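The structure appears right after this line, and notes come after that.
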Amino acid sequence: MVWAELRQNHFFTEYVLNGVTEEQNEIYLEFDATMLARSLSALRMTAKSVKIKLTNKRQPCLSLEIELPSLSIDSRQCLHDVPVRVIPRREWPEHQAPNIPEFDISLDMPQLKHVRNIVERMKNMSPRLTLSADKSGTFVLKIDTDSATVSTHFQDLQVWSCSQKDCNDKISATIDVKKFYTFLGWDIVHPDGVKCNMLEDRMVNLHLHMQDHLKIHYFIPAMTT
Numbered sequence: 010m011v012w013a014e015l016r017q018n019h020f021f022t023e024y025v026l027n028g029v030t031e032e033q034n035e036i037y038l039e040f041d042a043t044m045l046a047r048s049l050s051a052l053r054m055t056a057k058s059v060k061i062k063l064t065n066k067r068q069p070c071l072s073l074e075i076e077l078p079s080l081s082i083d084s085r086q087c088l089h090d091v092p093v094r095v096i097p098r099r100e101w102p103e104h105q106a107p108n109i110p111e112f113d114i115s116l117d118m119p120q121l122k123h124v125r126n127i128v129e130r131m132k133n134m135s136p137r138l139t140l141s142a143d144k145s146g147t148f149v150l151k152i153d154t155d156s157a158t159v160s161t162h163f164q165d166l167q168v169w170s171c172s173q174k175d176c177n178d179k180i181s182a183t184i185d186v187k188k189f190y191t192f193l194g195w196d197i198v199h200p201d202g203v204k205c206n207m208l209e210d211r212m213v214n215l216h217l218h219m220q221d222h223l224k225i226h227y228f229i230p231a232m233t234t
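Going by this note's numbering, the residue at position 76 of the sequence shown is 85; the numbering climbs one at a time, nothing skipped.
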């Protein structure tokens, strides 16, 4: 599961929302993230502005009005409609922010691009990846195959919390290597920091942040051994 929070006044110069009621000034939407990403790809062409509106065109849509530069006086406009489902209030409790538990260990990740280069090779060798860390700031990526065990060690990372008293005791979790590799693509946004939080043999939580305007929690359940 991925939970992302974007700060409104950083990404939008104008923001108008009329929710269900004054007390519940919210709207919950469900849509195909791939379709939205394709629509926003036009922003790569040095778009001047983009306006996102919730509209009703035979069905609810997120309508994107993208203003593009033009050689003439008149600007060009690109329009995209992404179908959405408006989630009824009775389903809102299913879409609340996840509870963040008290982890067995929380430490800073190495630079994502270095980790990605390593995991890119590991994922071709095994579908399972074991992450482990200890109180001294050692972070280990390990895979096991029929013929070999391959591991990479990072040392002296900042540890924010740890339930273990002995520095040599490791906290570990085995996860789907492809799910972990997918998260590593976030290095493209040059985050200010990424924390790896683990519950022994239960879950890995990866927390990425960029100043105060973007926070992402990525939850990967542990695989049974």
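In this text, a Cβ means the ideal position worked out from N, Cα and C, and glycines have one as well. For clarity, every value in this text was computed on a predicted model and none was experimentally measured.
- In the three-state reduction of the DSSP assignment, Y227 falls in the strand class, which pools E and B.
- The beta carbons of M131 and V186 sit closer together than 8 Å.
- In this structure, L208 is the residue among S156, E35, Q173 and L208 with its C-alpha nearest to the C-alpha of F228.
- The DSSP-derived three-state label of P102 is helix.
- Taking the C-beta atoms as reference points, L150 is found nearer than 8 Å to L140.
- Here the C-alpha atom of M219 lies approximately 11 Å from the C-alpha atom of E14.
- In the DSSP assignment, A46 falls within the unbroken alpha helix (DSSP H) covering A42 to L49.
- In the three-state scheme derived from DSSP, where H, G and I count as helix and E and B as strand, R137 is classed as strand.
- Pairing S181 with A142, the inter-Cα distance amounts to about 7 Å.
- Residue state for N18 is assigned as helix, using DSSP reduced to three classes.
- Apart from the 5 residues on each side of it in sequence, S58 sits with its Cβ closer than 6 Å to the Cβ of E76 in its chain, given in chain order.
- Annotation: the stretch 117-199 contains the following complete segments of the alpha helix (DSSP H) (minimum length 4 residues), in chain order: 121-131 and 186-193.
- In the DSSP assignment, P69 falls within the unbroken beta strand (DSSP E) covering P69 to L77.
- Three or more Cβ pairs closer than 8 Å define a contact, and the stretch 33-42 meets that threshold against the stretch 87-105.
- Between I96 and A157, the alpha-carbon positions lie close to 49 Å from each other.
- One thing to note: T154 has its Cβ within 8 Å of the Cβ of M134.
- Note on geometry: alpha-carbon atoms of E23 and Q17 lie some 9 Å from one another.
- In this structure, A106 and W12 form a Cβ contact; the two beta carbons are roughly 6 Å apart against a cut-off of 8 Å.
- Secondary-structure assignment with DSSP links E39 through a beta bridge to R94.
- Using a Cβ distance threshold of 8 Å, R125 and D196 count as a contacting pair.
- The beta-bridge partner set that DSSP reports for N27 is empty.
- Distances from the alpha-carbon of P110 to those of Q86, S172 and F192 put S172 closest.
- Here DSSP, grouped into helix, strand and coil, assigns T233 to coil.
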